[in-house]
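Going letter by letter, the sequence shown gives residues 25 to 158 in the working numbering.
Note that the Cβ used here is the ideal one computed from N, Cα and C, for glycine as well.
Worksheet for the structure shown next.
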Amino acid sequence: MHWSWKIARGRVQPENVPAKSGVDIDWVHRGAGGKVDTTASINAAKAMVRAYGMTNLNVAPALNSRHTEGNAVDMSLSWSGNLEIKNKRGDTVVINTLPRDGMNSQLHEVGKTFGVIKYHGGSNDKPHWSTDGR
Numbered sequence: 025m026h027w028s029w030k031i032a033r034g035r036v037q038p039e040n041v042p043a044k045s046g047v048d049i050d051w052v053h054r055g056a057g058g059k060v061d062t063t064a065s066i067n068a069a070k071a072m073v074r075a076y077g078m079t080n081l082n083v084a085p086a087l088n089s090r091h092t093e094g095n096a097v098d099m100s101l102s103w104s105g106n107l108e109i110k111n112k113r114g115d116t117v118v119i120n121t122l123p124r125d126g127m128n129s130q131l132h133e134v135g136k137t138f139g140v141i142k143y144h145g146g147s148n149d150k151p152h153w154s155t156d157g158r
């Protein structure tokens, strides 16, 4: 995702993307005769950016992050009315405060019982939850 965003934004040429073990992506598209087709390469990167919903990101996705470590998840949550949810102990918790989305502080407390911590940066990254709040 990092390199597709950078290629799509013109921040790096496809042929300058370093190879990474285990990631089998050929960023350089070639036309007839094996000649580099920069336009096709950029268009493919733009298609990947769209497919991953990154068109409105203002910074490139990190190469190394809590997500790539397997320690974070992005979730968009919402509900109507009161939410009844069990914490890790099996106790039912009634969430009856606003907002009715992932920014709800009562929901954050339930998440903590599972070791899932809401991002400490507030509304800068609303869907982000991790093992440590980073």
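| request: Check whether the Cβ atoms of residue 119 and residue 107 lie closer than 8 angstroms to each other. | output: It is a contact, given that the beta carbons lie within the stated cut-off.
| query | Whose C-beta lies closer than 7 angstroms to the C-beta of residue 32 among residues of the same chain, with five residues either side of it excluded? | reply | 66, 69, 70 and 73
| To the nearest angstrom, how far is it from the Cα of residue 84 to the Cα of residue 35? | 10 angstroms
| task | Can you tell me which of 143, 116 and 27 puts its alpha carbon nearest to the alpha carbon of residue 134? | result | 116
| message | Just to confirm the assignment, what range does the alpha helix (DSSP H) spanning residue 27 have? | response | 26–32
| field | residue 162, DSSP secondary structure in three states | value | For residue 162 there is no data in the structure shown, the boundaries of the chain being 25 and 158.
| message | Threshold first: 4 residues or longer. Then list the alpha helix (DSSP H) segments lying entirely within the segment 39–96, N to C. | response | 62–75
| message | What does the Cβ neighbour count give for residue 51, buried or exposed, with the cut at 16 atoms within 10 Å? | response | buried
| task | Verify whether the separation of the beta carbon atoms of residue 158 and residue 90 is less than 8 angstroms. | result | Yes, the pair counts as a contact, with Cβ atoms nearer than the cut-off.
| query | By Cβ distance, which residues of its chain are closer than 7 angstroms to residue 140, with the 5 residues on each side in sequence left out? | reply | Only 153 meet the Cβ criterion.
| said: Looking at residue 42: is its Cβ nearer than 8 angstroms to the Cβ of residue 62? | reply: With a cutoff of 8 angstroms on beta-carbon distance, residue 42 and residue 62 are scored as not near each other.
| request: Kindly give me the distance between the Cβ atoms of residue 127 and residue 76, rounded to whole angstroms, as I take these residues to be in contact under 8 angstroms. | output: Their Cβ separation, rounded to whole angstroms, is 23 angstroms, which puts residue 127 and residue 76 out of contact at 8 angstroms.
| task | Look at the Cβ atom of residue 155, then the Cβ atom of residue 95, and state whether they are nearer than 8 angstroms. | result | yes
| query | To the nearest angstrom, how far is it from the Cα of residue 110 to the Cα of residue 121? | reply | 16 angstroms
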